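J.:
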Amino acid sequence: MSLSECEEAFLKNNLQLLVEQYNINRADADILQAKIWELPQASGYINAYNPEGRKAFDIGQAKGAEITQLIYMGGKKKNEIAFAKSNKELARLQFSQLLADLRTQLHAGYYHLYYENLKLGHTNRQLGYMNDLLSAYKVQSAKGNVSLKEEVRLQSMVIQLNNDKTAISKNIIEFEQELKVLTGITEDIKPQFPDAEQILAAQPFGDETELQKKALENNADYQYYLKLIDNSKLYAQWQKSLNVPDLNVGAGWDQNSGTFKNEVNLMVGIPLPLWKSNKGNVEKAGFAIRQSQTSADFRKLDLETRVEAVYRTWKVQYEQLSMITSADLENTEQVYNGMLNNFRKGNISLIEFTDFMDSYRETALQIYDMKNGIMQSAEQLNQLVQTKIFY
77 MSLSECEEAF LKNNLQLLVE QYNINRADAD ILQAKIWELP QASGYINAYN PEGRKAFDIG
137 QAKGAEITQL IYMGGKKKNE IAFAKSNKEL ARLQFSQLLA DLRTQLHAGY YHLYYENLKL
197 GHTNRQLGYM NDLLSAYKVQ SAKGNVSLKE EVRLQSMVIQ LNNDKTAISK NIIEFEQELK
257 VLTGITEDIK PQFPDAEQIL AAQPFGDETE LQKKALENNA DYQYYLKLID NSKLYAQWQK
317 SLNVPDLNVG AGWDQNSGTF KNEVNLMVGI PLPLWKSNKG NVEKAGFAIR QSQTSADFRK
377 LDLETRVEAV YRTWKVQYEQ LSMITSADLE NTEQVYNGML NNFRKGNISL IEFTDFMDSY
437 RETALQIYDM KNGIMQSAEQ LNQLVQTKIF Y
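Here the sequence shown stands for residues 77 to 467, numbered as in my numbering.
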């Protein structure tokens, strides 16, 4: 399964993305709610008892009705709506950061799985040869043609290879499980990565300073904390507007109890602003602004240092692998094949052969780990910068 196919399944099936998407939907609902005004309030009255006519519920002689509407003053609704819209932008940035984090997990897991499978194939090839050799030595040892010491030496080599195989297989199971959760695919994922060497050779465009600049411009997590400053200011503005008294406007009709019969009156009501009724929340909002600014400063420093560290790690790994040329790898394989042929012909001792095989085993696994390490560092850099940098 190719990486692009895994990514397509990830975007389609990942449940964490779906959960985070609901936060954006909830923010839309908050915007809708912020736009809704209080309902008009209607009230009325009727006579319960007429003392002059000594009549209960004298509805025909005394009744009235009124309707009132709360009018928001000081830009309350405008500020509340602006704050709700800002919350939606924060939800979008959180979604973008989660998408970047999960995509990094997907790519990292895919690279891990790819190189672990290569290590498993390499170990199986060695193990197959060594098992055959051990079986032959056991036959010859039983006949007394070779010493038991040589058989035990081969047995130790086989045990080491089996331990390698067990550890690698365990890693493969773990990475497959992680990819299944990310992609929603229940079948085992077998990586098909024909352009691995091309991606491995790619280098980032720009130096540390350029990459840090790109990260500050594109990293969704950092942009979230910058946006949080604006969000806190909008919240403070909304809280300040809540100190402005609202206006109650209405109309009333009265049949007989007013100055005139069947009079219609205009009613206006407003709380007396003797003190600021929302003073505590305004102060709290001010602290939230300062807190957001401090958090953004910390996130900037953290992002810049992380980009610097990951870039330097990638560079060291890249330079180390670059020192191993394709000719070096070809020479290693030639020596390996030569050692096999010479051992079969009896030109080298068992000690020389097993010492070389152990060294070859470690070298091969280390090279796969070095390649995987470069891919992991590059992916971490992509996660931080969040724009195309490798060409």
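Yeah, the Cβ is synthetic: ideal placement off N, Cα and C, and Gly gets one too. This structure is a prediction, so every number in the text was calculated from the model and none was measured.
Is there contact between the region 271 to 291 and the region 381 to 390, where contact requires at least three CB pairs shorter than 8 Å?
T.: Judged by Cβ distances under 8 Å, the region 271 to 291 makes contact with the region 381 to 390, as three or more pairs qualify.
J.: Please state if the CB of alanine 160 and the CB of aspartate 240 are separated by a distance shorter than 9 Å.
T.: Result no, Cβ atoms of aspartate 240 and alanine 160 do not sit closer than 9 Å.
J.: Consult DSSP for isoleucine 135 and reduce its assignment to one of helix, strand or coil.
T.: If DSSP states are grouped into helix, strand and coil, isoleucine 135 belongs with coil.
J.: As a quick exercise: from Tyr187, Leu441 and Asp297, pick the residue whose alpha carbon is nearest that of aspartate 378.
T.: With distances taken between Cα atoms, aspartate 378 lies closest to Asp297.
J.: Would you kindly work out how many angstroms separate the C-alpha atoms of asparagine 338 and tryptophan 329, rounded to a whole number?
T.: Computed Cα separation, rounded: 6 Å.
J.: Could you tell me the alpha carbon to alpha carbon distance between lysine 88 and leucine 108, rounded to whole angstroms?
T.: Their Cα atoms are separated by approximately 28 Å.
J.: Roughly how many whole angstroms lie between the Cα atoms of alanine 440 and leucine 287?
T.: Rounded to the nearest angstrom, the two C-alpha atoms are 33 Å apart.
J.: For glycine 151, tell me which candidate among Ile427, Pro321 and Gly362 has the shortest Cα-Cα distance.
T.: The shortest C-alpha separation from glycine 151 is found at Pro321.
J.: Taking the DSSP output, what are the residues bridged to valine 325?
T.: Note: valine 325 sits in a beta bridge opposite Gln145 and Val344.
J.: Suppose you measure from the CA of asparagine 207 to the CA of arginine 201; what does that come to, to the nearest Å?
T.: Their backbone Cα atoms lie some 10 Å apart in a straight line.
J.: Could you tell me whether the region 298 to 316 touches the region 354 to 368, where touching means 3 or more Cβ pairs closer than 8 Å?
T.: The region 298 to 316 is in contact with the region 354 to 368.
J.: Please list, in chain order, all residues of the same chain as serine 119 whose beta carbon is under 6 Å from its beta carbon, the five residues on each side excluded.
T.: Glu142.
J.: Could you compute how far the alpha carbon of phenylalanine 269 sits from the alpha carbon of arginine 102?
T.: C-alpha separation (whole angstroms): 40 Å.
J.: Per DSSP, what kind of secondary structure is aspartate 271 in: helix, strand or coil?
T.: Coil.
J.: Pick from Asn247, Leu210 and Gln331: whose alpha carbon is nearest that of glutamine 231?
T.: Closest by alpha carbon: Leu210.
J.: What residue from Ile443, Glu96 and Ile261 has the CA that sits closest to leucine 166's CA?
T.: Among Ile443, Glu96 and Ile261, the Cα nearest to that of leucine 166 belongs to Glu96.
J.: So, under 8 Å CB-CB, tyrosine 190 and alanine 272 are touching, yes? Tell me the CB distance rounded to an integer number of Å.
T.: Their Cβ separation, rounded to whole angstroms, is 7 Å, which keeps tyrosine 190 and alanine 272 in contact under 8 Å.
J.: Using CA atoms only, rank isn't needed, just tell me which of Ile135, Lys391, Leu405 and Trp113 is closest to lysine 154.
T.: Checking every option, the nearest Cα to that of lysine 154 belongs to Trp113.
J.: If the criterion is Cβ atoms closer than 9 Å, does the pair glutamine 331 and glycine 140 meet it?
T.: Yes, the pair counts as a contact, with Cβ atoms nearer than the cut-off.
J.: Would you mind sorting alanine 327 into buried or exposed? The rule is 16 or more other CB atoms within 10 Å of its CB.
T.: With fewer than 16 Cβ atoms within 10 Å of its Cβ, alanine 327 is classed as exposed.
J.: Report the rounded CA-to-CA distance for glutamine 236 versus glutamine 459, giving the unit in angstroms.
T.: Glutamine 236 and glutamine 459: Cα-Cα distance of roughly 37 Å.
J.: Can you tell me the Cα-Cα spacing of leucine 146 and lysine 360, whole angstroms?
T.: Whole-angstrom Cα-Cα distance: 27 Å.
J.: What did DSSP end up calling phenylalanine 281 once you bin it into helix, strand or coil?
T.: It is coil, neither helix nor strand.
J.: Does the beta-carbon distance from leucine 276 to leucine 397 come in below 9 Å?
T.: Contact: yes.
J.: Of all the options Ala158, Glu81, Tyr121 and Glu226, which has the alpha carbon lying nearest to the alpha carbon of serine 317?
T.: Residue Ala158 is the option with its Cα nearest to serine 317.
J.: Candidates Leu93, Met451, Glu156 and Thr463: which alpha carbon is nearest tryptophan 314's?
T.: Tryptophan 314 has its Cα closest to that of Glu156, out of Leu93, Met451, Glu156 and Thr463.
J.: Which residues in the same chain as isoleucine 261 place their Cβ atom closer than 7 Å to its Cβ, once the five residues preceding and following it in sequence are excluded?
T.: Result list for isoleucine 261: Ala85, in chain order.
J.: Could you say if the region 167 to 187 and the region 345 to 355 meet the contact criterion of at least three C-beta pairs nearer than 8 Å?
T.: Counting Cβ pairs under 8 Å, fewer than three are found: no touch.
J.: Would you report the Cα separation of glutamine 299 and leucine 174, rounded to the nearest angstrom?
T.: Cα-Cα distance, rounded: 13 Å.
J.: Within 10 angstroms of its Cβ, does methionine 149 collect 16 or more other Cβ (buried), or is it exposed?
T.: Result: exposed.
J.: Give the straight-line distance between the Cα atoms of valine 411 and alanine 184, rounded to the nearest whole angstrom.
T.: Straight-line Cα distance between these residues: approximately 33 Å.
J.: Below 8 Å on the Cβ atoms is my guess for glutamine 181 versus leucine 258; work out the distance and round it to an integer in Å.
T.: Contact flag correct, Cβ pair sits at about 6 Å.
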